[in-house]
Amino acid sequence: MSVPPISYNSILHPLPAGIDIAQLPAQFTYPFNYTPHAASVAVAEELQQYLAQKSEWAEELSLNRTGGHIGKMFGVLIVETPTGEKGYLTAFSGAIGGKNDWQGFVPTLYDRFDPEGFFKIGEEEINKINRKVEAFEQSEEYQQAKVRAVRTREESELKIEAIKQEVKARKAQRALERTAAAERLSPEDFEALLNRFSFASQHDRRWMKGAIKEEKRKVAIAQEQLQQLSSAIKNLKEERRERSNKIQQQIFDCYNFLNIRGERKSVREIFGEELPPAGAGDCAGPRLLQYAFARQLKPICMAEFWYGTSPKTVIRKHLRYYPACRGKCKPIFEHMLQGLDIEPNPMHGRMINPEKIKLIYEDDDIVVVNKPSGFLSVPGKEISDSIQERVKQQCPDATGPMIVHRLDMDTSGVMVVAKNDAAYKHLQMQFIKRTVNKRYTAILEGYVKKTDGYIDLPLRVDLDNRPNQMVCFEHGKHARTHFEVIWRKNGQTKVHFHPITGRTHQLRMHASHADGLNCPIVGDDLYGQRAHRLHLHAEMLEIVHPVRKEPMTFHIPADFSKKE
1 MSVPPISYNS
11 ILHPLPAGID
21 IAQLPAQFTY
31 PFNYTPHAAS
41 VAVAEELQQY
51 LAQKSEWAEE
61 LSLNRTGGHI
71 GKMFGVLIVE
81 TPTGEKGYLT
91 AFSGAIGGKN
101 DWQGFVPTLY
111 DRFDPEGFFK
121 IGEEEINKIN
131 RKVEAFEQSE
141 EYQQAKVRAV
151 RTREESELKI
161 EAIKQEVKAR
171 KAQRALERTA
181 AAERLSPEDF
191 EALLNRFSFA
201 SQHDRRWMKG
211 AIKEEKRKVA
221 IAQEQLQQLS
231 SAIKNLKEER
241 RERSNKIQQQ
251 IFDCYNFLNI
261 RGERKSVREI
271 FGEELPPAGA
281 GDCAGPRLLQ
291 YAFARQLKPI
301 CMAEFWYGTS
311 PKTVIRKHLR
321 YYPACRGKCK
331 PIFEHMLQGL
341 DIEPNPMHGR
351 MINPEKIKLI
361 YEDDDIVVVN
371 KPSGFLSVPG
381 KEISDSIQER
391 VKQQCPDATG
401 PMIVHRLDMD
411 TSGVMVVAKN
421 DAAYKHLQMQ
431 FIKRTVNKRY
441 TAILEGYVKK
451 TDGYIDLPLR
461 VDLDNRPNQM
471 VCFEHGKHAR
481 THFEVIWRKN
491 GQTKVHFHPI
501 TGRTHQLRMH
511 ASHADGLNCP
521 IVGDDLYGQR
531 AHRLHLHAEM
541 LEIVHPVRKE
551 PMTFHIPADF
561 SKKE
């Protein structure tokens, strides 16, 4: 039986049949780390059915799209009206099909595509400037001036060097003649020769100085001609910058956000002295809450998901749910969510408080620990309990720097800790020179096609969503991982990872990214789907003892592997 078409004729949509109103959550969704409530999933799936039949968006949201706009974040928000009715709102981030206002979706705070609006008018003025800049830069006069300035400089440099060499050769010739003449000339004639040579030397210096000055004058004239033409381009670019800044400030003035108390703050107030990121307020989450608060609708629960082809930079997979971004959305949400009863941060619930850290080896110089999942390697901003602090407590004789390498909070396994400064420096150098051998075990979602190989995807921090990483071939740091498949079963793949480099979230990114293994690690709430834990374990570590200089290997099987 075919699914009947879904019609979004209004912005507030009725809840799908089957949602138990009594089971709706009492607290609103914590937006930065969550598992979507069943009711949010139900309305999101209804939206996804609508998107599948939305012919106007078919090309832009196609799963086979390889260029231009690739996929889109959508959001759903279940709300309660002042009369107690329940319904849901939908929104998308940015624009679709050259519009940011579509029937059935909450509108943006400012429509940048309004032909009568200041943005489109200002954009056209900027485009006019761009065309003038392009015309200037491509004009024959400007191109000739550029070529002339370069050619004049290069020719002058050659001439100056030739002049210097000629003066140097004359000086060398006079030195030879002076040596030969000293034996055959009388003292009076030799003195006269020296006077002539002195006069010739002074003449050469004056000639060289004048010739160099003339060559520099030619270069200056050519450069001045180019500069005069360039100044017009520079003035246009400065005008363009000022107009662009003015438009951006006007946009910021249009973005004023409410909370449930009716308190309003502009985006500039929210970000303070920090310049708001481009697109701040245009994500689905803030749009949904702004529409709800402006109409006295009480938010109940929310979810955001990706629809379409995965990007080449950040991890986004079709129909997967993702938390709100931290760079653009978190400061806005911190204002908008005031007055709401919010779920606690699930991450705090995942942090463990072990009675004691298991030491698997200890001597006078090092200690090797089995770091549990859900425990920090070093103290964080809010939580000090960590491997570093526990080793200090359990090894009171330890001094100096201790933590040589780190594991993510959710990663478990072998960690070596230095107990003195000499051991720290020696171990640190081993990690810097990459002579340490490491092996990680991971369980991945889905089947990895290859049996082994290397992943080379450069990484850098996602500035809009710290601490997440992103693939960046322009500014990213080289990151390389060797992998080998151990088994495939029950829709999962067990792999061994051998990281060649040690970038932040390297294994998690290389596993999840579409150009990596395209199979997130089970339980990865940043790049995949949350589970009871991240199935990533530092299983084996090979080092050279910092004092005895003997090879040492430490091995701890993964707890989750034992259950397989």
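In full-length UniProt numbering, the protein residues as written are 1 to 564.
Every residue gets a Cβ at the ideal spot worked out from N, C-alpha and C, and that includes glycine.
CA-CA distance, residue i and residue j?
i           : j           : result
residue 564 : residue 529 : Unreliable positioning characterises residue 564 in this predicted model, as indicated by a pLDDT of 47, which lies under 50. A coordinate reading is not provided.
residue 407 : residue 379 : 12 Å
residue 369 : residue 385 : 15 Å
residue 311 : residue 70  : 6 Å
residue 521 : residue 323 : 17 Å
residue 307 : residue 295 : 28 Å
residue 3   : residue 241 : In this predicted model, residue 3 has a pLDDT of only 45, less than 50, meaning its place in the structure is not dependable; the value taken from the coordinates is given anyway. Roughly 51 Å separates the two Cα atoms.
residue 499 : residue 42  : 40 Å
residue 630 : residue 188 : The structure shown does not extend to residue 630, since the chain is modelled only from 1 through 564, so no value can be given for it.
residue 115 : residue 411 : 52 Å
residue 517 : residue 547 : 40 Å
residue 30  : residue 340 : 10 Å
residue 338 : residue 293 : 12 Å
residue 481 : residue 519 : 15 Å
residue 400 : residue 421 : 5 Å
residue 326 : residue 275 : 15 Å
residue 456 : residue 53  : 38 Å
residue 87  : residue 21  : 10 Å
Hey, out of the options, whose CA is closest to residue i's CA?
i           : options               : result
residue 440 : 465, 129, 251 and 558 : 558
residue 239 : 126, 553 and 148      : 126
residue 333 : 372, 289, 317 and 300 : 289
residue 246 : 229, 119, 292 and 152 : 119
residue 174 : 163, 151, 198 and 158 : 198
residue 525 : 517, 535, 518 and 516 : 535
residue 302 : 46, 548 and 78        : 78
residue 424 : 273, 448, 544 and 155 : 544
residue 265 : 217, 550 and 336      : 336
residue 255 : 267, 210, 215 and 263 : 267
residue 262 : 250, 231 and 298      : 298
residue 443 : 494, 102, 365 and 17  : 494
residue 445 : 542, 491 and 225      : 491
residue 417 : 388, 121, 488 and 342 : 388
residue 427 : 357, 542 and 227      : 542
residue 218 : 157, 510, 206 and 177 : 157
Residues in its own chain within less than 7 Å of residue i by CB, not counting five upstream and five downstream?
i           : result
residue 98  : 113
residue 328 : 277, 279, 280, 283 and 464
Taking the beta strand (DSSP E) that residue i falls in, what are its first and last residues?
i           : result
residue 481 : 480–489
residue 539 : 536–544
residue 421 : Element bounds for residue 421: not the beta strand (DSSP E) but the alpha helix (DSSP H), 421–432.
residue 492 : 492–499
residue 105 : Neither: residue 105 is in no beta strand (DSSP E) and is coded neither H nor E.
residue 437 : 437–445
residue 89  : 86–92
residue 469 : 469–471
Is the distance from the Cβ of residue i to the Cβ of residue j below 8 Å?
i           : j           : result
residue 315 : residue 512 : yes
residue 160 : residue 221 : no
residue 377 : residue 360 : no
residue 575 : residue 61  : It is not possible to answer for residue 575, since the shown part of the chain is limited to 1 through 564.
residue 573 : residue 501 : Residue 573 cannot be examined here, being either before or after the span of the chain that is shown, 1 to 564.
residue 190 : residue 181 : yes
residue 473 : residue 483 : no
residue 554 : residue 367 : no
residue 508 : residue 523 : no
residue 270 : residue 136 : no
residue 104 : residue 9   : yes
residue 429 : residue 375 : no
residue 110 : residue 251 : yes
residue 300 : residue 24  : yes
residue 305 : residue 44  : yes
First and last residue of the alpha helix (DSSP H) that includes residue i?
i           : result
residue 291 : 284–294
residue 151 : 140–184
residue 193 : 187–254
residue 332 : 329–336
residue 52  : 38–52
residue 510 : 506–512
residue 270 : 267–271
residue 356 : Neither: residue 356 is in no alpha helix (DSSP H) and is coded neither H nor E.
residue 391 : 387–394
Can you name, in chain order, every residue of its own chain whose Cβ lies under 8 Å from the Cβ of residue i, other than the five neighbours on each side?
i           : result
residue 461 : 467, 468, 469, 470 and 504
residue 592 : Because the chain in this structure spans residues 1 to 564, residue 592 falls outside the shown range and cannot be described.
residue 550 : 544
Whose C-beta lies closer than 6 Å to the C-beta of residue i among residues of the same chain, with five residues either side of it excluded?
i           : result
residue 208 : 163 and 167
residue 82  : 296
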